[in-house]
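Note sheet for the following structure.
Numbering (the working numbering), first residue to last: 1281 to 1483.
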(Lines of atoms letter the chains of each structure in order from A and count residues from 1; the text may use other names and numbers.)
(Lines give C-alpha, C1' and ligand atoms only; values in the text may rest on other atoms or scores of the structure.)
Protein backbone atom coordinates (compact mmCIF):
# COMPACT_ATOMS: atom_id res chain seq x y z
CA UNK A 1 0.00 0.00 0.00
CA UNK A 2 0.91 3.63 -0.42
CA UNK A 3 0.39 6.48 2.06
CA UNK A 4 0.76 10.21 1.57
CA UNK A 5 4.05 11.21 3.22
CA UNK A 6 4.89 14.81 2.32
CA UNK A 7 4.62 17.63 -0.22
CA UNK A 8 7.47 19.38 -2.01
CA UNK A 9 7.68 23.04 -2.97
CA UNK A 10 10.53 23.71 -5.38
CA UNK A 11 12.38 27.01 -5.54
CA UNK A 12 15.37 28.56 -7.26
CA UNK A 13 16.76 29.39 -3.81
CA UNK A 14 15.90 27.95 -0.44
CA UNK A 15 15.44 31.43 1.00
CA UNK A 16 12.88 32.43 -1.64
CA UNK A 17 10.95 29.20 -1.23
CA UNK A 18 10.84 29.43 2.55
CA UNK A 19 9.68 33.05 2.46
CA UNK A 20 6.90 32.17 -0.01
CA UNK A 21 5.56 29.29 2.08
CA UNK A 22 5.83 31.23 5.33
CA UNK A 23 3.82 34.10 3.84
CA UNK A 24 1.23 31.76 2.32
CA UNK A 25 0.67 29.54 5.35
CA UNK A 26 1.55 31.91 8.18
CA UNK A 27 4.11 29.82 10.03
CA UNK A 28 7.93 29.66 10.13
CA UNK A 29 9.75 26.75 8.55
CA UNK A 30 12.21 24.65 10.52
CA UNK A 31 15.74 23.98 9.43
CA UNK A 32 16.08 20.87 7.32
CA UNK A 33 19.46 19.96 5.95
CA UNK A 34 21.53 18.93 2.98
CA UNK A 35 21.26 15.96 0.63
CA UNK A 36 24.86 15.30 -0.46
CA UNK A 37 23.88 12.67 -3.03
CA UNK A 38 21.55 15.11 -4.80
CA UNK A 39 23.24 18.46 -4.29
CA UNK A 40 20.10 19.93 -2.71
CA UNK A 41 18.96 21.28 0.64
CA UNK A 42 15.60 21.84 2.29
CA UNK A 43 13.52 23.37 5.07
CA UNK A 44 10.44 21.80 6.63
CA UNK A 45 6.97 22.55 8.01
CA UNK A 46 4.76 20.22 10.05
CA UNK A 47 1.36 19.27 8.66
CA UNK A 48 0.54 16.98 11.58
CA UNK A 49 0.65 13.48 10.11
CA UNK A 50 2.58 14.82 7.10
CA UNK A 51 5.09 17.55 6.40
CA UNK A 52 5.91 20.04 3.69
CA UNK A 53 9.41 20.58 2.41
CA UNK A 54 10.85 23.49 0.48
CA UNK A 55 13.69 22.17 -1.65
CA UNK A 56 16.27 23.87 -3.86
CA UNK A 57 19.68 23.29 -5.38
CA UNK A 58 22.39 23.77 -2.77
CA UNK A 59 24.85 26.30 -4.26
CA UNK A 60 27.57 25.11 -1.87
CA UNK A 61 27.36 21.48 -3.02
CA UNK A 62 29.09 19.99 -6.05
CA UNK A 63 26.61 19.02 -8.76
CA UNK A 64 25.85 15.30 -8.86
CA UNK A 65 26.74 13.17 -11.87
CA UNK A 66 23.04 12.45 -12.44
CA UNK A 67 19.88 14.58 -12.70
CA UNK A 68 18.64 15.90 -9.38
CA UNK A 69 15.30 14.73 -8.04
CA UNK A 70 12.12 16.79 -8.50
CA UNK A 71 13.49 17.96 -11.86
CA UNK A 72 15.33 20.74 -10.02
CA UNK A 73 18.00 21.06 -12.71
CA UNK A 74 15.34 22.54 -15.00
CA UNK A 75 13.34 24.45 -12.40
CA UNK A 76 12.83 28.13 -13.19
CA UNK A 77 10.50 30.83 -11.91
CA UNK A 78 8.70 31.57 -8.68
CA UNK A 79 8.45 28.96 -5.90
CA UNK A 80 5.58 26.55 -6.40
CA UNK A 81 4.16 23.21 -5.40
CA UNK A 82 5.79 20.70 -7.75
CA UNK A 83 5.63 17.23 -6.22
CA UNK A 84 4.02 14.93 -3.75
CA UNK A 85 5.61 11.93 -2.12
CA UNK A 86 4.08 8.65 -0.97
CA UNK A 87 5.68 6.24 1.45
CA UNK A 88 5.65 2.48 1.19
CA UNK A 89 6.92 -0.40 3.30
CA UNK A 90 8.16 -2.19 0.16
CA UNK A 91 9.70 0.16 -2.37
CA UNK A 92 10.69 -2.61 -4.76
CA UNK A 93 7.12 -3.93 -4.93
CA UNK A 94 5.73 -0.41 -5.34
CA UNK A 95 8.07 0.24 -8.24
CA UNK A 96 7.19 -3.07 -9.89
CA UNK A 97 3.55 -1.94 -10.01
CA UNK A 98 4.28 1.67 -11.00
CA UNK A 99 4.42 3.28 -14.45
CA UNK A 100 7.77 3.16 -16.28
CA UNK A 101 9.99 6.05 -15.31
CA UNK A 102 8.91 6.22 -11.67
CA UNK A 103 12.50 5.67 -10.68
CA UNK A 104 15.23 3.42 -9.35
CA UNK A 105 15.46 2.62 -5.64
CA UNK A 106 18.35 4.66 -4.23
CA UNK A 107 19.75 4.78 -0.69
CA UNK A 108 19.80 8.36 0.61
CA UNK A 109 20.36 10.18 3.89
CA UNK A 110 20.17 13.56 5.62
CA UNK A 111 21.68 13.81 9.09
CA UNK A 112 20.23 10.97 11.17
CA UNK A 113 17.51 10.17 8.63
CA UNK A 114 17.90 7.23 6.27
CA UNK A 115 15.58 6.25 3.46
CA UNK A 116 15.26 4.58 0.07
CA UNK A 117 13.87 6.80 -2.67
CA UNK A 118 12.75 6.10 -6.21
CA UNK A 119 14.84 8.53 -8.25
CA UNK A 120 13.79 8.84 -11.92
CA UNK A 121 16.67 8.71 -14.39
CA UNK A 122 15.52 11.94 -16.06
CA UNK A 123 14.71 13.70 -12.79
CA UNK A 124 11.07 13.93 -13.91
CA UNK A 125 8.24 11.66 -12.78
CA UNK A 126 5.49 10.16 -15.00
CA UNK A 127 2.37 12.13 -15.90
CA UNK A 128 4.33 15.41 -16.11
CA UNK A 129 5.45 15.09 -12.47
CA UNK A 130 1.87 14.53 -11.29
CA UNK A 131 2.66 10.95 -10.29
CA UNK A 132 4.01 10.76 -6.74
CA UNK A 133 7.59 10.01 -5.85
CA UNK A 134 8.04 6.91 -3.67
CA UNK A 135 9.93 6.75 -0.39
CA UNK A 136 10.64 3.97 2.09
CA UNK A 137 11.93 5.21 5.44
CA UNK A 138 14.61 3.16 7.16
CA UNK A 139 14.24 2.80 10.93
CA UNK A 140 11.75 4.67 13.12
CA UNK A 141 12.83 8.28 12.55
CA UNK A 142 10.49 10.48 10.49
CA UNK A 143 10.72 14.27 10.02
CA UNK A 144 7.03 14.88 10.81
CA UNK A 145 7.50 13.66 14.38
CA UNK A 146 10.39 16.05 15.05
CA UNK A 147 8.77 19.26 13.80
CA UNK A 148 6.95 21.89 15.85
CA UNK A 149 3.20 21.70 15.23
CA UNK A 150 1.72 25.06 14.16
CA UNK A 151 -1.78 23.66 13.70
CA UNK A 152 -1.60 23.54 9.89
CA UNK A 153 -3.24 20.55 8.22
CA UNK A 154 -3.58 19.43 4.62
CA UNK A 155 -7.28 19.22 3.76
CA UNK A 156 -6.99 18.43 0.06
CA UNK A 157 -4.56 17.71 -2.75
CA UNK A 158 -6.12 18.20 -6.18
CA UNK A 159 -4.18 16.80 -9.13
CA UNK A 160 -5.29 17.85 -12.59
CA UNK A 161 -4.07 16.07 -15.71
CA UNK A 162 -5.37 15.32 -19.23
CA UNK A 163 -4.80 11.59 -18.58
CA UNK A 164 -6.66 11.56 -15.28
CA UNK A 165 -8.12 8.08 -15.75
CA UNK A 166 -4.69 6.52 -16.32
CA UNK A 167 -3.24 8.42 -13.36
CA UNK A 168 -6.07 7.24 -11.11
CA UNK A 169 -5.39 3.67 -12.18
CA UNK A 170 -1.71 4.11 -11.34
CA UNK A 171 -2.72 5.30 -7.86
CA UNK A 172 -4.99 2.36 -7.09
CA UNK A 173 -2.81 1.37 -4.10
CA UNK A 174 -3.32 4.77 -2.45
CA UNK A 175 -6.38 5.31 -0.27
CA UNK A 176 -6.53 8.89 1.01
CA UNK A 177 -9.71 10.98 0.73
CA UNK A 178 -7.62 14.14 0.60
CA UNK A 179 -6.14 13.17 -2.78
CA UNK A 180 -8.39 13.84 -5.78
CA UNK A 181 -7.44 13.40 -9.44
CA UNK A 182 -9.40 15.45 -11.97
CA UNK A 183 -9.26 15.67 -15.75
CA UNK A 184 -8.10 19.01 -17.15
CA UNK A 185 -6.37 20.44 -20.21
CA UNK A 186 -3.15 21.12 -18.27
CA UNK A 187 -1.29 19.37 -15.47
CA UNK A 188 -1.37 21.06 -12.09
CA UNK A 189 -1.16 20.48 -8.34
CA UNK A 190 -3.27 22.41 -5.83
CA UNK A 191 -3.05 21.86 -2.07
CA UNK A 192 -5.53 23.30 0.41
CA UNK A 193 -4.82 23.69 4.12
CA UNK A 194 -6.60 24.57 7.31
CA UNK A 195 -4.56 26.98 9.45
CA UNK A 196 -5.15 28.97 12.65
CA UNK A 197 -5.66 31.96 10.32
CA UNK A 198 -8.19 30.27 8.05
CA UNK A 199 -7.95 28.21 4.86
CA UNK A 200 -4.91 28.66 2.63
CA UNK A 201 -3.87 27.34 -0.79
CA UNK A 202 -0.57 26.47 -2.46
CA UNK A 203 -0.25 25.82 -6.19
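Note that CB positions come from ideal geometry on N, CA and C, so glycine has one too. Since the model is a prediction, treat every value here as computed from it, not as a measurement.
Heavy atom of the ligand MN within 7 Å of residue i beta-carbon
i            : result
residue 1403 : The model depicted lacks the ligand MN and carries no ligand whatsoever.
Euclidean distance between Cα positions of residue i and residue j
i            : j            : result
residue 1383 : residue 1407 : 13 Å
residue 1353 : residue 1286 : 21 Å
residue 1396 : residue 1417 : 6 Å
residue 1458 : residue 1339 : 35 Å
residue 1433 : residue 1475 : 7 Å
residue 1348 : residue 1419 : 25 Å
residue 1409 : residue 1477 : 30 Å
residue 1355 : residue 1303 : 21 Å
residue 1365 : residue 1310 : 19 Å
residue 1336 : residue 1452 : 30 Å
residue 1350 : residue 1332 : 14 Å
residue 1456 : residue 1405 : 20 Å
residue 1330 : residue 1344 : 28 Å
residue 1414 : residue 1449 : 16 Å
residue 1412 : residue 1282 : 10 Å
residue 1385 : residue 1369 : 13 Å
residue 1306 : residue 1447 : 32 Å
residue 1298 : residue 1431 : 18 Å
For residue i: DSSP bridge partner residues
i            : result
residue 1432 : Looking at the DSSP assignment, residue 1432 forms no beta bridge with any residue, so it has no partner.
residue 1462 : 1440
residue 1414 : 1366
residue 1468 : 1440
residue 1387 : 1396
residue 1333 : 1288, 1324
residue 1315 : 1320
residue 1282 : 1454
residue 1482 : 1471
Buried or exposed by the 16-neighbour rule on C-beta atoms within 10 Å, applied to residue i
i            : result
residue 1466 : exposed
residue 1320 : buried
residue 1421 : exposed
residue 1462 : exposed
residue 1318 : buried
residue 1363 : buried
residue 1394 : exposed
residue 1483 : exposed
residue 1445 : exposed
residue 1403 : buried
residue 1342 : exposed
residue 1380 : exposed
Candidates the options: closest to residue i by CA position
i            : options                : result
residue 1485 : 1445, 1479, 1399, 1396 : There is no way to answer for residue 1485, as the model of the chain reaches only from 1281 to 1483.
residue 1346 : 1332, 1281, 1401       : 1401
residue 1443 : 1468, 1453, 1430, 1455 : 1468
residue 1491 : 1403, 1370, 1414, 1334 : Because the chain is modelled from 1281 through 1483, residue 1491 falls outside the range shown and cannot be assessed.
residue 1481 : 1351, 1301, 1309       : 1301
residue 1454 : 1322, 1380, 1367, 1341 : 1367
residue 1288 : 1322, 1299, 1305       : 1322
residue 1471 : 1308, 1460, 1438       : 1438
- Do the stretch 1351-1370 and the stretch 1291-1300 make contact, defined as three or more Cβ pairs closer than 8 Å? yes
- Cβ contact (3+ pairs, closer than 8 Å) linking the stretch 1369-1380 and the stretch 1422-1432: no
- Count the CB pairs spanning the stretch 1303-1318 and the stretch 1388-1397 that are closer than 8 Å, and state whether there are at least three. yes
- If we count Cβ pairs, one from each stretch, closer than 8 Å, do we get three or more for the stretch 1320-1333 versus the stretch 1426-1434? yes
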